[in-house]
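Chains as they are written, first to last, in the numbering used here: chain A, 1 to 289; chain B, 1 to 815.
Glycine included, every Cβ here is placed at the ideal spot set by N, Cα and C.
Quick caveat, the model's predicted, so the values are computed rather than measured.
Here is the structure we will look at, set down as structure tokens.
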Amino acid sequence: MARPVGKAHRQDARHESFLRHAGFRYLKLAVMMSLAAILGYFMVDAEPRPNGGSLIGYTLGTIGALLILWLTFLGVRKRAITAGRWKLKGWTSAHVYLGLSLIVIATLHTGFQFGWNVHTLAYVLMMAVIISGLFGIFYYASVPQQMSRNRAESSEVDMLEELADIDRQLEEIAQPLPQPYVSWVQKAVTKTKITGGLFTRLSGRVGNCATAKALDKIRAAISEVEPPLDEQLENVASILARKNVMLERARLHAKYKTLLEFWLYFHVPLTFALLAALLAHIISVFFYW
Amino acid sequence: MGDVFDIAIIGSGPAGLSAAAHAAKIGLSHILLEKTDHLSDTIFKYQKGKHIMATPDQLVLRSDISFAAGSREQTLQIWDEELKFHGINVKYQADVVEITGEKGDFLIRFSNGSELHARNIILAIGTAGNPNKLRIPGGDLPFVQYQLDDPKEYFDEDIIIVGGGDAGIENAMGLSADPEQGNRVVLLQRGPDFARAKPANAAALTQAKEAGRLDFMVSTTPVKLEPGVMTVESPEGPVELPCDRVIARLGAAPPRKFVESCGIEFTGPDREAFPVLSESFETTKQGIYVIGALAGYPLIKHCMNQGYDAVEHINGNTTLKPADEPLLEKVFAGLPGKLDVSGWLAELKQRVSIFQDLSTLQLREFMLESRMHFKEKGKIVFERNDIGSSLFAVVAGRVDIEVDPNNKKIIVPLGDGEIFGEIGLISGRRRSATVRAGTPTILVEIPRRAALKLIATVPAVKRAIDRIATERQIKTIFGSDISDAWMKRLLESSEMMEVRAGEVLIEEGKPGTDIFIIRSGSVLVEKEVGGKQVFLSYVSAGNYVGEMSLFEGGERTATVKAAIKSEIIRLNGDDFDQFLRANPQIRDRVEETIDARREVNRFVEAQKGSFSSVVDLYSSVANFLLEQGLGEATDALLIDESLCIGCDNCELACAETHDGISRLDREAGKTYANIHVPTSCRHCEHPHCMADCPPNAIRRAPDGEVFINETCIGCGNCQRNCPYGVIQMEKMPPKRPGLLSWLFFGKGPGPGQPPKEWVEQNHGLDQQDMPKTAVKCDMCKGIKGGPACVRACPTGAAIRVSPESYLNVTQREGN
């Protein structure tokens with residue numbers, strides 16, 4: 001019905017994920033680099049056998065070391081919000097694909113010579129970093145959607161506020177109740193843990209939850225008490241059930257958040273260990289040259 | 001009373017006081033007449049502690065009385081002292097009831113019967129001197145008052161405020177601000193809403209009611225007042241309200257009758273009319289001058305300057321240049337042709353048709369806000385897709401409008417006195433064509449606010465702009481090769497209409513061939529498929545709808561309704577049909593463009609059975625985005641939740657680039673089908689926040705960003721006016737140690753918005769009383785690389801979109 005006239009066709013923020021960034025630009029680059037490395041490795045007939053000390057070995061080693069330094073620099077890039085045309089998405093994309101290309105480049109650099117030494121240690125640490133990174137890619141690609149669905153427009157602060165709100169209601173409604181019901185509800189209010197340590201977070205549930213226990217006990221008690229107490233307990237149970245649902249959501253939220261973060265607790269420290277080993281590797285190589 | 005004064009000044013407000021001070025200074029015999037027993041009654045009646053502003057900032061103050069922004073008390077005290085210092089001859093309790101006589105010998109009579117002679121008279125009585133009274137039985141009881149000095153004086157009272165204008169609302173808010181005072185405040189408003197009040201005041205009142213601090217009743221009028229009880233007529237019938245005190249704020253009428261009885265003519269019969277004045281503020285009655293609010297200048301600085309100028313003129317100084325002269329000299333500096341300011345003003349009045357009906361005083365005021373340009377031949381005035389909402393007029397020379405972006409040869413020339421840029425002015429959208437100087441050209445550029453004021457003051461300007469805008473829009477859309485005869489016919493049968501959000505322009509299946517051009521706002525096109533309205537497209541200002549039925553046998557093929565409040569030009573379908581028949585080349589062009597639309601229609605029809613869920617999703621996402629206010633957005637931040645890892649690096653980047661305060665809240669806001677609209681500025685076409693900013697600190701930058709500059713006074717109006725809650729009131733946090741000292745030595749709170757505790761601990765003493773100012777997204781104006789939130793997103797979840805591309809958002813290619 002209409003023809004766009006006089007409209008701005010601004011360069012739109014291209015809507016594609018970091019994995020597809022710029023039409024897989026960095027995937028292509030990484031593949032090309034890897035192919036070039038493989039080609040170089042087999043073209044050059046290194047004597048007495050392929051190893052890190054040959055010309056191709058040094059080349060691959062230098063490229064690898066520089067790549068590692070550059071990949072580490074993502075941590076700074078992410079936090080230093082300087083002016084300029086850079087996009088962190090592009091950096092992430094390059095970080096992922098060029099990081100993966102290290103598998104080829106560094107492995108060829110070793111010439112498949114492994115041993116119980118600092119050189120192999122550096123290699124093993126690097127592979128560990130890459131493997132932890134693979135977890136990262138997997139979670140980044142799969143978790144956000146679930147996390148969005150679970151939180152259903154409420155923010156973390158909202159969730160905590162709603163839980164606090166439910167607790168206030170519980171305290172109010174429990175006050176006129178006789179023992180032992182009051183203390184059950186009291187426990188549900190004071191002893192409920194939203195979540196706990198790493199493993200509790202990752203599981204998305206809390207064993208022995210005070211709220212769940214209180215709910216079970218009250219529900220069981222409803223059929224055994226006389227009116228009007230049963231109705232009062234019914235009300236308490238419905239609020240406890242609501243708290244339970246909210247807790248489930250909050251715990252799942254914590255689980256997803258942890259999934260998106262915890263791999264970094266391997267990835268980053270291992271990177272620093274790698275840098276140290278790499279330094280030792282380079283110094284020792286030149287020292288014993 | 002045998003004395004004859006050189007000047008009698010009636011009214012001791014800023015204007016009268018300044019006039020009297022100058023008369024005293026240059027030794028003219030004078031008398032300052034004040035109805036009450038104190039100076040400046042209007043300001044005296046302001047609420048205690050009210051802050052008085054000294055705008056416009058750039059205007060110099062030319063007066064023997066000093067004035068600067070400050071509280072009501074400071075201002076009044078200074079004036080009292082300066083009155084004594086200058087030895088001004090003031091007479092209080094002097095209520096003038098009649099002025100007779102001629103220049104050289106006027107006779108002034110007072111309500112107590114006494115008289116006084118003067119050679120000249122300066123009328124500076126303002127408009128607030130006579131408040132409208134509460135005319136009900138009991139309206140004269142002692143607990144009825146027409147002003148409120150200090151809301152803190154009243155405790156534990158039932159107070160009824162009559163009148164829902166700004167004064168009434170401010171009083172109601174003041175009386176109920178402190179719950180400790182225990183006042184029970186009810187505000188009565190005759191109308192169904194608070195249309196006369198500033199939107200921010202009305203919003204604040206509603207909030208206060210919701211918070212239970214006060215109550216108001218609309219469509220309610222007082223009927224009867226007795227000690228302790230007021231009877232009111234409400235929509236539900238008569239109601240008795242407990243009442244210890246009544247504050248009536250019913251506005252004030254300019255004392256036109258009195259002014260006219262002095263022999264002074266007004267510019268017109270309507271309520272807004274002002275006395276006819278010469279450049280030196282002399283009225284049609286020689287020897288009587290009118291200055292200040294009564295002359296149409298409500299700002300204190302203007303009033304004070306006019307007092308000075310009028311006295312100079314009476315003293316025989318006819319060559320005195322007004323105080324704004326140096327400012328106007330600057331406006332006209334650098335132009336060819338060595339004219340002085342009055343020369344230029346005469347030139348403008350003569351050449352530019354929209355200025356013709358303005359008085360020289362009004363023109364001076366407009367020119368203070370406007371800019372003059374001189375462009376060499378071929379130089380660009382503005383380019384297609386530039387952001388700009390100012391109005392231009394050609395003073396001398398010629399500009400060429402390149403109406404067709406694909407063919408720069410097609411131009412429409414505009415000569416002396418013609419205006420352009422009005423489409424941007426009205427629609428708030430980007431410029432629709434490039435304009436170049438065709439010869440060396442002199443232009444005047446009137447910014448949006450001034451242009452709107454011009455349209456509001458001079459009806460002829462509105463008509464001219466409407467007509468020119470319609471014509472220009474038709475040419476932009478259908479090509480510039482439309483003959484004058486056809487244009488005239490189309491214009492004559494065209495109609496300007498305003499539609500509310502949701503109002504239907506075109507109904508599917510109904511006959512009709514009228515064409516609708518969207519002048520401002522936007523519309524939605526929908527089609528019924530399988531009993532559901534399916535969203536087809538979003539059409540923004542500057543485009544048109546409705547032509548398809550001309551080619552499809554006169555029946556509407558889709559429903560069109562307004563997405564937001566819009567202005568529409570309706571063209572008569574029969575005339576348009578004949579126009580197309582007579583102009584086959586235009587008909588071809590129109591038909592070409594609807595082929596694509598037919599394609600979409602056919603596609604949607606075909607999907608009826610099989611893909612209805614896909615189509616459904618598409619249209620419901622579109623509806624969701626429009627509900628979130630993206631219909632009036634020019635650029636909005638969206639987050640694709642299927643990619644968002646919740647790292648909040650967007651917020652960190654925002655805080656890093658904006659003094660440590662993040663202007664966006666990623667997690668808050670609505671989500672639909674993975675598209676999340678965070679709490680962040682949409683940079684609306686006509687920003688709600690701009691509506692009521694006292695220092696005019698909210699501006700639109702050349703690239704379209706709406707931003708708040710450093711003149712913000714922290715009043716919070718914009719925060720209340722924003723329907724999307726994206727403006728916060730914040731103190732600037734203290735400076736943080738740099739990134740590297742955090743990274744290596746753990747100094748400071750690290751990148752991003754510092755936590756509250758850290759801010760409190762590290763605020764210096766000087767920063768503790770720092771006022772909060774409004775902060776909002778400025779789209780990283782002036783930062784190379786553009787919005788930091790988008791640049792700092794590691795996964796590509798954060799995107800910024802303009803309205804034209806919302807729907808592409810819903811169609812991300814794979815993962």
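Are the C-beta atoms of H676 of chain B and some chain A residue less than 9 Å apart? yes
Distance between A346 of chain B and F478 of chain B (C-alpha atoms, nearest Å): Between F478 of chain B and A346 of chain B, the alpha-carbon positions lie close to 38 Å from each other.
With respect to 8 Å, is the separation between the Cβ of K133 of chain B and the closest non-hydrogen atom of the ligand GTP below this value? This structure does not include the ligand GTP; it has no bound ligands of any sort.
What do you get for A118 of chain B, buried or exposed, if any count of 16 or more other CB atoms within 10 angstroms of its CB means buried? A118 of chain B should be labelled buried.
Counting only Cβ pairs nearer than 8 Å, list the residues of chain A close to K825 of chain B. Since the first residue shown for chain B is 1 and the last is 815, residue 825 of chain B is missing from the structure and cannot be characterised.
Check the Cβ-Cβ distances between N649 of chain B and every residue of chain A, and say whether any is below 9 Å. Yes, because at least one Cβ of chain A sits closer than 9 Å to the Cβ of N649 of chain B.
Closest Cα partner of T634 of chain B within the set B:N89, B:E503, B:V706: B:V706
Buried or exposed (CB count within 10 angstroms, at least 16 for buried), E102 of chain B: exposed
Tell me which residues share the same chain as A94 of chain A and place their Cβ nearer than 7 Å to its Cβ, disregarding the 5 neighbours each side in the sequence. These residues qualify, in order along the chain: Y26.
Should I194 of chain A and R242 of chain A be called a contact, given that it needs their Cβ atoms to be closer than 9 Å? no
Within the continuous beta strand (DSSP E) that includes H30 of chain B, where are the two ends? 30-33
Report the rounded CA-to-CA distance for I11 of chain B versus N171 of chain B, giving the unit in angstroms. With the sequence shown as reference, residue 11 of chain B is identified as Gly, and Ile is not the correct amino acid for it. C-alpha separation (whole angstroms): 26 Å.
With DSSP run on the structure shown, which of helix, strand or coil describes L339 of chain B? DSSP places L339 of chain B outside both helix and strand once states are collapsed to three, so it counts as coil.
Looking only at its chain, what residues have a beta carbon closer than 6 Å to the beta carbon of A68 of chain B, apart from the 5 residues adjacent to it on each side? A54
Please tell me whether S483 of chain B and E445 of chain B are closer than 9 Å, where the distance is taken between their beta carbons. No, they are not a contact pair.
Please classify L443 of chain B: is it buried, with 16 or more other beta-carbons within 10 angstroms of its beta-carbon, or exposed? buried
Please state whether DSSP places G263 of chain B in a helix, a strand or coil. coil
Nearest residue (CA-CA) to F420 of chain B, options B:E651, B:R436, B:S537: Ranking B:E651, B:R436, B:S537 by CA distance to the CA of F420 of chain B puts B:R436 first.
Is there a Cβ from chain A that is less than 9 Å from the Cβ of C777 of chain B? No - not a single Cβ of chain A is within 9 Å of the one on C777 of chain B.
Cβ-based contacts, 9 Å cut-off: residues of the segment 143-169 of chain A near chain B: V143, P144, Q145, M147, S148, R149, R151, A152, E153, S154, S155, E156, V157, D158
Quick one: what does DSSP say Q533 of chain B is sitting in, helix, strand or coil? DSSP places Q533 of chain B in strand when its eight states are reduced to three.
Of all the options B:G13, B:R581, B:D665, B:D588, which has the alpha carbon lying nearest to the alpha carbon of C303 of chain B? Among B:G13, B:R581, B:D665, B:D588, the Cα nearest to that of C303 of chain B is on B:G13.
Taking only runs of the alpha helix (DSSP H) that begin and end inside the segment 616-672 of chain B, which ones reach a length of at least 4 residues, in chain order? Every unbroken stretch of the alpha helix (DSSP H) spanning 4 or more residues and falling wholly within the segment 616-672 of chain B is given here in chain order: 649-657.
Identity of the residue in B:M173, B:S219, B:K209, B:N201 nearest D822 of chain B by Cα: This structure cannot speak to residue 822 of chain B, because chain B is shown only from 1 to 815.
Which residues DSSP lists as bridging E226 of chain B, in chain order: B:V229
Please confirm whether Y256 of chain A has its beta-carbon closer than 9 Å to some beta-carbon of chain B. yes
With respect to the beta strand (DSSP E) encompassing G101 of chain B, which residues constitute its N-terminal and C-terminal limits? 96-102
Interface residues of chain B facing Y140 of chain A [CB-CB closer than 7 Å]: Per Cβ cutoff of 7 Å: I645, T795.
With DSSP collapsed to three states, give me the class of A798 of chain B. Strand.
What is the DSSP secondary structure of F135 of chain A, counted as helix, strand or coil? helix
Under 8 Å by Cβ, that's how I've got G397 of chain B and T439 of chain B pegged, so tell me the actual separation to the nearest angstrom. 5 Å
Tell me which same chain residues have a C-beta within less than 6 Å of the C-beta of S34 of chain A, skipping the five on either side of it? S101, V104
Under 9 Å between C-beta atoms of F73 of chain A and W263 of chain A: no
Cα-Cα separation between F272 of chain A and L60 of chain A, rounded to whole angstroms: 21 Å
Can you confirm whether L630 of chain B, when its beta carbon is compared against all beta carbons of chain A, has any partner nearer than 9 Å? no
Taking the beta carbon of E240 of chain B as the centre, do at least 16 other beta carbons fall within 10 Å, making it buried, or is it exposed? Around the beta carbon of E240 of chain B, fewer than 16 other beta carbons sit within 10 angstroms, so the residue counts as exposed.
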